[in-house]
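Its first residue numbered 205, the sequence shown is counted upward by one per residue in this note's numbering.
We put the CB at the ideal spot given by N, CA and C, even for glycine.
Worksheet: one structure, shown below.
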Amino acid sequence: MLKGVTVALGVTGGIAAYKACEVCSSLVKLGAKVNVIMTKNATEFVRPLTFEVLSNNPVTYDMWERKREWEVEHVSIAQSADVIVVAPATANLIGKLANGVCDDMLTTTIMASNAPVVICPAMNVVMYENPILQENVEKLKKRGYIFVEPEEGRLACGAVGRGRLAPPEHIVQETIKVLGGADYANKKVLITAGGTSERIDGVRYITNRSSGKMGACIARSAMRRGAEVILVVGNVTADMPKGAKIIRVESTEDMYKAVMDNLSDVDIVIKSAAPADYKVLNPTNKKIKDEKVCLELTKNVDIAREVGKVKGDKKLVIFAAETENLLDYAKSKLVSKNADMVVANDVTREGAGFNHDTNDVVIIHKGGREVSSGLVQKSQVAEMILDELKLEW
Ligand SMILES: Cc1cc2nc3c(=O)[nH]c(=O)nc-3n(C[C@H](O)[C@H](O)[C@H](O)COP(=O)(O)O)c2cc1C
Numbered sequence: 205m206l207k208g209v210t211v212a213l214g215v216t217g218g219i220a221a222y223k224a225c226e227v228c229s230s231l232v233k234l235g236a237k238v239n240v241i242m243t244k245n246a247t248e249f250v251r252p253l254t255f256e257v258l259s260n261n262p263v264t265y266d267m268w269e270r271k272r273e274w275e276v277e278h279v280s281i282a283q284s285a286d287v288i289v290v291a292p293a294t295a296n297l298i299g300k301l302a303n304g305v306c307d308d309m310l311t312t313t314i315m316a317s318n319a320p321v322v323i324c325p326a327m328n329v330v331m332y333e334n335p336i337l338q339e340n341v342e343k344l345k346k347r348g349y350i351f352v353e354p355e356e357g358r359l360a361c362g363a364v365g366r367g368r369l370a371p372p373e374h375i376v377q378e379t380i381k382v383l384g385g386a387d388y389a390n391k392k393v394l395i396t397a398g399g400t401s402e403r404i405d406g407v408r409y410i411t412n413r414s415s416g417k418m419g420a421c422i423a424r425s426a427m428r429r430g431a432e433v434i435l436v437v438g439n440v441t442a443d444m445p446k447g448a449k450i451i452r453v454e455s456t457e458d459m460y461k462a463v464m465d466n467l468s469d470v471d472i473v474i475k476s477a478a479p480a481d482y483k484v485l486n487p488t489n490k491k492i493k494d495e496k497v498c499l500e501l502t503k504n505v506d507i508a509r510e511v512g513k514v515k516g517d518k519k520l521v522i523f524a525a526e527t528e529n530l531l532d533y534a535k536s537k538l539v540s541k542n543a544d545m546v547v548a549n550d551v552t553r554e555g556a557g558f559n560h561d562t563n564d565v566v567i568i569h570k571g572g573r574e575v576s577s578g579l580v581q582k583s584q585v586a587e588m589i590l591d592e593l594k595l596e597w
């Protein structure tokens with residue numbers, strides 16, 4: 205259910221730190237990659253080794269420790285996290301976050317991340333009811349931090365009242381909810397990504413600047429939301445997500461065959477690749493040495509159109525990367541290719557289209573609904589596409 209999801213799990217120095225082992229283990233069992241960050245005080249309660257074994261990943265607790273591979277660690281964990289969960293969260297951690305204090309790896313990572321943060325407080329009832337703590341909680345809630353409230357009961361210190369860490373299974377459920385649930389569970393999605401390459405001769409190709417980033421983001425989001433993903437990948441520079449079935453292709457013809465071979469297995473096709481529209485009419489296997497070369501190009505197969513002809517009740521999302529008359533071209537493609545949705549982007553706009561981490565798109569439904577994303581991260585565009593597509597089910 206959490207295949208393709210990366211969770212940063214923060215563990216702080218409270219008696220409930222041992223319960224974080226169960227949270228870690230459940231997240232891993234559900235398919236998530238878990239990066240555990242412990243505070244120094246948390247290591248007094250549970251040894252990092254325990255989390256290392258449970259997560260099958262190195263545990264971070266010392267900001268100054270130098271790893272074999274150099275990377276700015278608080279930034280890399282912060283950026284790779286789809287969600288940050290802090291369980292248990294001490295009064296100290298909550299106070300630091302509410303006041304912008306970043307004096308260890310956990311607080312620094314949270315500050316450096318745009319991922320949603322789920323805080324699971326656990327402490328003595330008097331500490332929990334302390335107005336300073338409550339003010340800090342309210343401040344963080346206003347900033348969008350999500351709290352999994354502690355339970356009432358007998359606490360480790362012997363007192364009775366609210367302050368006991370929420371049960372690990374509840375923390376995991378809340379995490380799944382924050383991640384958008386598993387609204388694509390039982391869906392099989394075929395996504396195409398990257399550019400295709402058309403051979404000129406034994407060593408040369410025609411291709412385009414498509415990086416595959418948009419397709420990779422859609423694949424990641426779809427897997428995180430429970431889908432099984434087949435990625436048909438051409439020429440890409442972006443990392444393709446683990447957990448997807450990846451089929452590598454070279455030419456547009458290869459991509460067409462891979463899509464058609466897998467079509468009967470899937471519910472949704474999202475065509476975010478940039479297949480070459482033209483191919484060389486007479487490619488040669490030898491390296492061309494002539495002074496002047498004239499390449500004759502011929503039209504390639506139109507994959508989206510062919511899918512549109514036979515898709516039945518499968519959903520088809522196409523992309524229209526245009527340099528002019530964006531909406532007109534996109535709408536006519538939507539009709540001519542029998543698609544359910546078109547994602548239109550003007551690739552001449554700063555920060556949009558090929559090779560950028562950001563994009564600026566208009567999603568148009570076959571029924572006429574139009575939604576603009578504005579200039580946002582491609583990961584956000586991916587979520588929007590999947591949200592909008594649900595309206596077509
Ligand atoms: C045995 C023991 C248990 C503790 N349990 C808690 C707790 O459940 N919640 C809490 O907020 N603080 C608890 N504390 C206090 C924290 O460890 C202390 O505030 C520490 O500075 C927290 O550091 P950290 O937030 O960097 O992990 C406990 C301290 C000790 C010695």
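Am I right that residue 249 and residue 217 are in contact with their C-beta atoms under 8 Å? What's the rounded C-beta distance?
Indeed they touch by this definition, with Cβ atoms about 6 Å apart.
**Request:** Measuring alpha carbon to alpha carbon, tell me which of 310, 563, 536 and 540 ends up nearest residue 549.
**Result:** Among 310, 563, 536 and 540, the Cα nearest to that of residue 549 is on 563.
**Message:** Closer than 7 Å to a non-hydrogen atom of ligand 1 - does that hold for the CB of residue 292?
**Reply:** Answer for residue 292: yes, Cβ within range of ligand 1.
Margin query: Which of the three DSSP states is assigned to residue 228 in this structure?
Written below: DSSP places residue 228 in helix when its eight states are reduced to three.
Between residue 391 and residue 471, which are expected to be in contact by the criterion C-beta below 8 Å, what is the C-beta distance as a whole number of angstroms?
Your pair residue 391 and residue 471 checks out as a contact, with CB atoms roughly 5 Å apart and the cut at 8 Å.
- Is residue 388 helix, strand or coil when you go by DSSP? Three-state result, residue 388: coil.
Check: Ordered along the chain, which non-local residues of its own chain (more than five positions away) have a Cβ less than 6 Å from that of residue 499?
Finding: Closer than 6 Å at the Cβ level, and outside the excluded window around residue 499, lie 484.
One or two residues paired with residue 491 in a DSSP bridge: When DSSP reads this structure, residue 491 sits in no beta bridge, so it has no partner.
I'd like the ranges of any beta strand (DSSP E) spanning at least 3 consecutive residues and lying wholly in the stretch 476 to 544. Complete beta strand (DSSP E) runs here, min 3: 482 to 484, 501 to 503 and 519 to 526.
**Asked** Can you list, in chain order, the stretches of the alpha helix (DSSP H) that have 4 or more residues and sit fully within the stretch 240 to 312?
**Response** Qualifying alpha helix (DSSP H) stretches, in chain order: 252 to 259, 277 to 284 and 295 to 302.
Euclidean distance between Cα positions of residue 274 and residue 290: Interpretation of residue 274 is limited by its pLDDT of 49, a score under 50 that renders its predicted location unreliable; no figure is taken from the coordinates.
What whole-angstrom Cβ distance do residue 328 and residue 359 have, given they're in contact under 8 Å?
About 6 Å; that satisfies the 8 Å criterion.
Hey, how far is the Cα of residue 272 from the Cα of residue 238?
Confidence at residue 272 is low in this model, with a pLDDT of 47, below 50, so the placement of that residue is unreliable and no value is reported for it.
Which of the three DSSP states is assigned to residue 216 in this structure? In this structure, residue 216 counts as coil in the three-state DSSP scheme.
- [ ] Spell out whether any CB of chain C is found under 8 Å from the CB atom of residue 374.
- [x] Among the protein chains of the structure shown there is no chain C, as only one such chain exists.
Fill in: Stretch pair the stretch 485 to 492 + the stretch 388 to 407: three plus CB contacts closer than 8 Å
Contact between the stretch 485 to 492 and the stretch 388 to 407 is present, with at least three C-beta pairs closer than 8 Å.
*Hey, how far is the Cα of residue 475 from the Cα of residue 375?*
About 36 Å.
Looking at residue 297 and ligand 1, is the gap between the Cβ and the nearest heavy atom below 7 Å? Because some heavy atom of ligand 1 lies under 7 Å away, the Cβ of residue 297 counts as near it: yes.
Check: Which ranges does the beta strand (DSSP E) cover as unbroken runs of at least 3 residues, wholly within the stretch 439 to 471, from first to last along the chain?
Finding: Listed in chain order, the complete beta strand (DSSP E) runs (minimum 3 residues) inside the stretch 439 to 471 are 449 to 452.
(request) List the residues that DSSP assigns as beta-bridge partners of residue 569. (result) Note: residue 569 sits in a beta bridge opposite 545.
Got a sec: does ligand 1 put a non-hydrogen atom nearer than 7 Å to the Cβ of residue 247? No - ligand 1 has no heavy atom lying nearer than 7 Å to the Cβ of residue 247.
Measuring only from the beta carbon, is residue 267 closer than 7 Å to any heavy atom that is part of ligand 1? When distances are taken from the beta-carbon of residue 267 to the heavy atoms of ligand 1, even the shortest one reaches 7 Å or more.
Quick one: grab the DSSP three-state call for residue 577. If DSSP states are grouped into helix, strand and coil, residue 577 belongs with the strands.
State the Cα-Cα distance for the pair residue 400 and residue 504, rounded to the nearest angstrom. Between residue 400 and residue 504, the C-alpha separation is close to 11 Å.
### Message
Can you tell me which residues form a DSSP beta bridge with residue 237?
### Response
Bridge pairing for residue 237: 210 [DSSP].
Point to revise | Buried or exposed (CB count within 10 angstroms, at least 16 for buried), residue 601 | key: Lying before the first or after the last residue shown, residue 601 is absent from the chain, which here runs from 205 to 597.
Check your understanding: Is the Cβ-Cβ distance between residue 565 and residue 539 less than 8 Å?
Key -> It is not a contact, given that the beta carbons lie outside the stated cut-off.
**OP:** Assign residue 342 to buried or exposed, taking buried as 16 or more other Cβ atoms, counted over all protein chains shown, within 10 Å of its Cβ.
**Re:** Residue 342 should be labelled exposed.
| task | Pull up the DSSP beta-bridge partners for residue 318, would you. | result | Checking the DSSP bridge columns, you'll see residue 318 has no partner listed.
*Near residue 319, what residues of its chain come up, given a Cβ to Cβ distance below 8 Å and the 5 sequence neighbours on each side ignored?*
Within the same chain, residue 319 has close Cβ partners 212, 282, 285, 286, 287 and 288.
Legend entry - DSSP state of residue 419 mapped onto helix, strand, coil: Judged by DSSP in its simplified three-state form, residue 419 adopts helix.
Legend entry - Reduced DSSP category for residue 396 - H, G, I as helix; E, B as strand; rest coil: Secondary structure at residue 396: strand, using DSSP grouped into helix, strand and coil.
Quiz item: Does ligand 1 have even one heavy atom less than 7 Å from the beta-carbon of residue 217?
Solution: Distance from the C-beta of residue 217 to the nearest heavy atom of ligand 1 is below 7 Å.
ask   = Among 450, 382 and 363, which residue has its Cα nearest to the Cα of residue 393?
value = Of 450, 382 and 363, the residue nearest in Cα terms is 450.
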